[in-house]
Each structure stands twice: as structure tokens, then as C-alpha cells.
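Enquirer: Reading the sequence shown from the start, the letters are residues 1 to 251 in full-length UniProt numbering. Once you've had a glance at the structure underneath, I'll fire off some questions.
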Amino acid sequence: MRKMMLIVSLLMLVVLGGCGKKETAQEEKKVLFVGTNAEFKPFEYLEDGKIVGFDAELMEKILENLGYEMEWKNMSFDGLIPALQSEKIDLIIAGMTPTEERKKAVDFSDSYLTTKQSFVIIEKNNELKTMDDLKNKKLGAQLGTAQETIARGIEGAKITPYTSITAAILDLKSEKLDAVVLENLVALPYIKNNEGLKKIDMEELPKADVAIAINKGNEELLEKINKELQNLKENGFYDEIFNKYFVDTQN
Ligand code: ARG
Numbered sequence: 001m002r003k004m005m006l007i008v009s010l011l012m013l014v015v016l017g018g019c020g021k022k023e024t025a026q027e028e029k030k031v032l033f034v035g036t037n038a039e040f041k042p043f044e045y046l047e048d049g050k051i052v053g054f055d056a057e058l059m060e061k062i063l064e065n066l067g068y069e070m071e072w073k074n075m076s077f078d079g080l081i082p083a084l085q086s087e088k089i090d091l092i093i094a095g096m097t098p099t100e101e102r103k104k105a106v107d108f109s110d111s112y113l114t115t116k117q118s119f120v121i122i123e124k125n126n127e128l129k130t131m132d133d134l135k136n137k138k139l140g141a142q143l144g145t146a147q148e149t150i151a152r153g154i155e156g157a158k159i160t161p162y163t164s165i166t167a168a169i170l171d172l173k174s175e176k177l178d179a180v181v182l183e184n185l186v187a188l189p190y191i192k193n194n195e196g197l198k199k200i201d202m203e204e205l206p207k208a209d210v211a212i213a214i215n216k217g218n219e220e221l222l223e224k225i226n227k228e229l230q231n232l233k234e235n236g237f238y239d240e241i242f243n244k245y246f247v248d249t250q251n
């Protein structure tokens, strides 16, 4: 009996020891889960099932240079911060603006880009010339974004939130909406690829920053990411991908 117990204990030791080793092996790989919403061309979008875009290349390069493996988690934009807070993901890169509200919940890297706020309308609509003209109009914006907040602040406007910007643009084209509120850098490709649309910049509003989000208390990784952002700006990688994804554009 005693011998049996000894054998069982030894076996357990081997099994437990094995588990321990597995954990260390995983730690060595240092996989970071990066959340995004790949419905935001040219920042992040799907091409042949793969997440591509300016943010995608930037994040992949940062983590590669820092020696991490990374795995993408694609989800709806409004689900990103909750996913980060519940540690389902380690970082967010999603063209996300570090608003005061969001800064209460998570930390942000240095801003890696700024862009104007704009709205897209159908070309033949000559009525809408400034942000003021959007009062009492039917507006579309992406769910959970700063653009939804801007739209909701416009007096009397009727807001429809969309998970997909493409769907909002379709509704604009079929005149179910009067305008779609978007950032300039995001609006530009839609105008280029859809005849009969034009864009108006909301010069009344300040330009928006864009940054990487991380949980509070991760200063060490945040600092490394900031250094790497700086490095990629200095070594030309940033300009290379900027010119690749934001051709002929001004922020
Ligand atoms: N910059 C805006 C915001 O932070 C829009 C970002 C939307 N990004 C996305 N991947 N859908 O609210």
C-alpha cells in the first residue's frame, strides 16, 4: 500500500512538474493579444481574411522589435475597452482617440497621428456646408466612437450608430442619411472610391489624436512602446507605412 502511494505521489510530481514547465515555455514566448476593429480603412481592415492597414503594420513592427509574439483579436469597436479591462486582450490599436473619458478607464501611448474631424455627404447636397448645417439632420457614425459623440452633440440631429462604416456610407448613398461623421483620413478613401460623395472638414473642432491603449499599471511596457514609436519615426518605417496607406492625403 505504502509503495503504491509512493508511486502515485511520484507520478503526480512528474505530471505537475510537466505542467509547470509548460507555463514557463509559454511565458518565454510572451504572446500579447492585440484588440482591434478591422472595419476602419486605412487604419485596419480585412484583406483575404487578414488584418492589414497602417495600425496593423505599426503594431506588428513595434511588438516584433520588442521581442513579443502577437495575436490579433478582432471585435466591435465598442467592445475593445471592456475587453482590455477584463484582460481578454493586452493592447488596443484601433485608430483610437485618447479622450478624457477613456483615459479614466485605460492608459494611452504617445499619440502617433492626428486627423481632422469631417463629415461625408452626397455631392449634389448643397445645403450642408458647415457643421452648423447638420442641426436636425439624419446622421450616421460608427458605434462607440468619438464621431458618435460629436454627432450626438449636434442639436436636434437624429443619430444612427453603425458597427460598420461601409453600411453607413451605403445608407448615405441611398439617402437614408444626410451625412456620416468620420475622421478625415478615414473619409478620404470612401470619397475616392464612391462617386457622388464629398467631404467637409469640421474646422470648428480640434484635430483628434490617435494612440495605443493599455491597462493601467503597465508603465514598463507602455514606456517600451513609446520608445519604439519614436524609433520607428526616426528610422523611416513610420513614413514608409504612412505613405503606403494614406496616399495623397493631408491629416
Ligand atoms: N478615432 C475614433 C475614436 O477613437 C474612431 C476610431 C474607430 N476605430 C475603429 N477601428 N473602428 O473614437
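Heads up, the beta-carbon is just placed ideally off N, CA and C, and yes, glycines get one too.
How far does the alpha helix (DSSP H) with Ile212 in it extend, from its first residue to its last?
Expert: Counted from its first residue, the sequence shown places residue 212 at position 212. Neither: Ile212 is in no alpha helix (DSSP H) and is coded neither H nor E.
Enquirer: Pull the bridge partners of Ile92 from the DSSP assignment, please.
Expert: Here residue 92 refers to the residue found at position 92 when the sequence shown is read from its first residue. Gly35, Ala213, per the DSSP bridge assignment.
Enquirer: With distances taken Cα to Cα, identify the nearest neighbour of Gly79 among Gly144, Ala157, Asn193.
Expert: Start at 1 with the first residue of the sequence shown, and residue 79 comes out as number 79. The residue with the shortest Cα to Cα distance from Gly79 is Gly144.
Enquirer: Could you name the residues that DSSP lists as bridge partners for Pro161?
Expert: Position 161 of the sequence shown holds residue 161. In the DSSP output, where bridge partners are listed per residue, Pro161 has Ala141.
Enquirer: Out of curiosity, what's the CA-to-CA distance linking Leu221 and Leu185?
Expert: Looking up residue 221 in the sequence shown gives position 221. Looking up residue 185 in the sequence shown gives position 185. Using only the alpha carbons, I get a separation of about 28 Å.
Enquirer: Quick check: the Cα distance between Phe246 and Glu183, rounded to an integer number of angstroms?
Expert: The residue given as residue 246 occupies position 246 in the sequence shown. The residue given as residue 183 occupies position 183 in the sequence shown. For Phe246 and Glu183, the distance between alpha carbons rounds to 13 Å.
Enquirer: Can you grab the Cα-Cα spacing for the pair Glu27 / Glu71, in whole Å?
Expert: Translated into the one-based positions of the sequence shown, residue 27 becomes position 27. Translated into the one-based positions of the sequence shown, residue 71 becomes position 71. Its pLDDT being 49, under 50, Glu27 is placed unreliably by the model, and the measurement read from it follows with that caveat. Answer to the nearest angstrom: the Cα atoms are 15 Å apart.
Enquirer: Less than 8 Å between the CB atoms is what I'm expecting for Ile121 and Ile200, so what's the real figure, rounded?
Expert: In the sequence shown, residue 121 corresponds to position 121, counting from 1. In the sequence shown, residue 200 corresponds to position 200, counting from 1. With 8 Å as the limit, Ile121 and Ile200 qualify as a contact, their Cβ atoms being about 7 Å apart.
Enquirer: Could you tell me which uninterrupted beta strand (DSSP E) segments, each at least 3 residues in length, are contained entirely in the segment 68-118, listed from first to last along the chain?
Expert: Listed in chain order, the complete beta strand (DSSP E) runs (minimum 3 residues) inside the segment 68-118 are 69-74, 113-115.
Enquirer: Taking just the CA atoms, how far does Gly217 sit from Lys137?
Expert: Locating residue 137 in the sequence shown gives position 137, where the first residue counts as 1. Locating residue 217 in the sequence shown gives position 217, where the first residue counts as 1. The alpha-carbon atoms of Lys137 and Gly217 are separated by roughly 43 Å.
Enquirer: Less than 8 Å between the C-beta atoms of Glu57 and Ile214, yes or no?
Expert: Start at 1 with the first residue of the sequence shown, and residue 57 comes out as number 57. Start at 1 with the first residue of the sequence shown, and residue 214 comes out as number 214. Going by C-beta atoms, Glu57 is not nearer than 8 Å to Ile214.
Enquirer: Return the first residue and the last residue of the beta strand (DSSP E) that Ile51 is part of.
Expert: Residue mapping note: residue 51 aligns to position 51 of the sequence shown, counting from 1. Residues 50-52.
Enquirer: Consult DSSP for Glu44 and reduce its assignment to one of helix, strand or coil.
Expert: Looking up residue 44 in the sequence shown gives position 44. Glu44: strand per DSSP, three-state reduction.
Enquirer: For a test of the three-state rule: what should DSSP assign to Asp171, helix, strand or coil?
Expert: Reading the sequence shown from its first residue, position 171 is the one you call residue 171. Helix, per DSSP.
Enquirer: Do the segment 222-241 and the segment 47-64 touch if we need at least three Cβ pairs shorter than 8 Å?
Expert: The segment 222-241 vs the segment 47-64: in contact.
Enquirer: Please report the straight-line C-alpha distance between Ala25 and Glu123, rounded to a whole angstrom.
Expert: Within the sequence shown, the letter at position 25 stands for residue 25. Within the sequence shown, the letter at position 123 stands for residue 123. Low confidence applies to Ala25: its pLDDT is 46, below 50, so where it sits in the model is not reliable enough to give any reading.
Enquirer: If you draw a straight line from the C-alpha of Thr115 to the C-alpha of Pro206, how long is it?
Expert: On the sequence shown, residue 115 is found 115 positions in, with the first residue counted as 1. On the sequence shown, residue 206 is found 206 positions in, with the first residue counted as 1. Approximately 9 Å, taken between the alpha carbons.
Enquirer: Could you name the residues of the same chain whose beta carbon sits closer than 8 Å to that of Lys30, not counting the 5 residues immediately before and after it, in chain order?
Expert: Position 30 of the sequence shown, counted from the first residue, corresponds to residue 30. Closer than 8 Å at Cβ, skipping near neighbours: Gly67, Tyr68, Glu69.
Enquirer: Residues bridged to Leu182 by DSSP?
Expert: Residue numbering aside, residue 182 sits at position 182 when the sequence shown is read from its first letter. Its beta-bridge partners are Ser118.
Enquirer: Hey, would you say the C-beta of Met70 is under 7 Å away from at least one heavy atom of the ligand ARG?
Expert: Within the sequence shown, the letter at position 70 stands for residue 70. No.
Enquirer: What residue range does the beta strand (DSSP E) around Asp201 cover?
Expert: Here the question's residue 201 lines up with position 201 in the sequence shown. Start and end: 197-201.
Enquirer: Alpha carbon to alpha carbon, how far is Asn243 from Gln250?
Expert: Here residue 243 refers to the residue found at position 243 of the sequence shown. Here residue 250 refers to the residue found at position 250 of the sequence shown. Cα-Cα distance, rounded: 11 Å.
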